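Counted from 1, the sequence shown has number 192 at position 190 by my numbering; the numbering is strictly sequential.
Worksheet: the structure to be examined is printed underneath.
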Amino acid sequence: MSVEPAGHLATPSGRGPWPGVVVIHEAYGLNDDIRAHCERLARTGYLAFAPDLHRGPRLRCLVRSFRDLSAQSGQTFTDVEQSRQWLLDRPDCTGRIGIIGFCLGGGFALLAAAQSDYAVAAVNYGQVPKDATEVLAGACPIVGSYGGLDRTLRGAADTLSTTLTEIGVEHDVREYPEAGHGFLNRTKPVLPARVVARAGFRGPEAADAWQRIESFFAAHLPPVRAGVD
Numbered sequence: 003m004s005v006e007p008a009g010h011l012a013t014p015s016g017r018g019p020w021p022g023v024v025v026i027h028e029a030y031g032l033n034d035d036i037r038a039h040c041e042r043l044a045r046t047g048y049l050a051f052a053p054d055l056h057r058g059p060r061l062r063c064l065v066r067s068f069r070d071l072s073a074q075s076g077q078t079f080t081d082v083e084q085s086r087q088w089l090l091d092r093p094d095c096t097g098r099i100g101i102i103g104f105c106l107g108g109g110f111a112l113l114a115a116a117q118s119d120y121a122v123a124a125v126n127y128g129q130v131p132k133d134a135t136e137v138l139a140g141a142c143p144i145v146g147s148y149g150g151l152d153r154t155l156r157g158a159a160d161t162l163s164t165t166l167t168e169i170g171v172e173h174d175v176r177e178y179p180e181a182g183h184g185f186l187n188r189t190k191p192v193l194p195a196r197v198v199a200r201a202g203f204r205g206p207e208a209a210d211a212w213q214r215i216e217s218f219f220a221a222h223l224p225p226v227r228a229g230v231d
């Protein structure tokens, strides 16, 4: 089996194999929020792995990540794909993989949904590319969640939903009117994000989004429930 990439792996209890999920972190990096999301997915019945995509000086890593996202290629996509392959190679993986991303990671998850062989993708307040009709053709089913108060992604939910309908990709995309950016994560956002994107955790919206994500994943990537031998 290939060498384990840097990151956080959460394994369900009981005996596998389990379907896998690649978890892509936000601009803040591999923090406690992302680890908690991995553990939640593991309790649901998924082998969840979050690669650490910001190894090295933080500013340099952020610049590279945003550059790669804009170019729709680069080292970040290579790291994400290596994580998918690493999960596939594990004997405790069923060979079916999903992907979920948050903020910056949501943009990568959206593009990866069409670039690689994923069963399902969850895009949480991720950037929608201008050429979405072209680059998302042939994507796996997608569930997306956005905040209506997020001025940095104004109209993104409608654009994504309309695009996926046009190209025939099954989806569930919702905008929460009273939420801003990053509403699934508890880490206190930096001041500019709070002002411009109205970023911050929103309990009711987060609970509803997770319910939708788990239901959508269960339909397209059925989990092996934790504790089931």
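No residue lacks a Cβ here, since even glycine has one placed at the ideal position from N, Cα and C.
The model shown is predicted, which means the values in this text are computed figures rather than measured ones.
C-beta contact flag for residue i and residue j at 8 Å
i           : j           : result
residue 26  : residue 144 : no
residue 151 : residue 184 : no
residue 77  : residue 137 : no
residue 35  : residue 187 : yes
residue 56  : residue 37  : no
residue 127 : residue 97  : no
residue 95  : residue 20  : yes
residue 116 : residue 146 : no
residue 71  : residue 110 : yes
residue 214 : residue 47  : no
residue 41  : residue 8   : no
residue 202 : residue 194 : no
residue 65  : residue 24  : no
residue 22  : residue 112 : no
Three-way DSSP call (helix, strand, coil) for residue i in this model
i           : result
residue 40  : helix
residue 98  : strand
residue 181 : coil
residue 204 : coil
residue 176 : strand
Exposed unless 16 or more other CB atoms sit within 10 angstroms - verdict on residue i
i           : result
residue 204 : buried
residue 225 : buried
residue 108 : buried
residue 61  : exposed
residue 231 : The predicted position of residue 231 is uncertain, since its pLDDT is 36 and thus under 50; a value taken from the coordinates is nonetheless stated next. With fewer than 16 Cβ atoms within 10 Å of its Cβ, residue 231 is classed as exposed.
residue 156 : exposed
residue 52  : buried
residue 197 : exposed
residue 220 : exposed
residue 86  : buried
residue 160 : exposed
residue 15  : exposed
residue 5   : exposed
residue 200 : buried
Where the alpha helix (DSSP H) containing residue i begins and where it ends
i           : result
residue 193 : 193–198
Limits of the beta strand (DSSP E) - the one that residue i falls within
i          : result
residue 32 : Here residue 32 belongs to no beta strand (DSSP E), and DSSP marks it neither H nor E.
residue 10 : 9–12
residue 26 : 20–26
residue 53 : 49–53
Practice task
Run through the region 107–166 for me and flag every whole beta strand (DSSP E) of 3 or more residues, listed as ranges in chain order.
Solution key: The qualifying runs are 122–126, 144–149.
Problem - Within the region 56–89, ranges of the alpha helix (DSSP H) (whole runs, at least 4 residues) - result: Runs of the alpha helix (DSSP H) spanning 4 or more residues and lying entirely within the region 56–89 occur at 60–73, in chain order.
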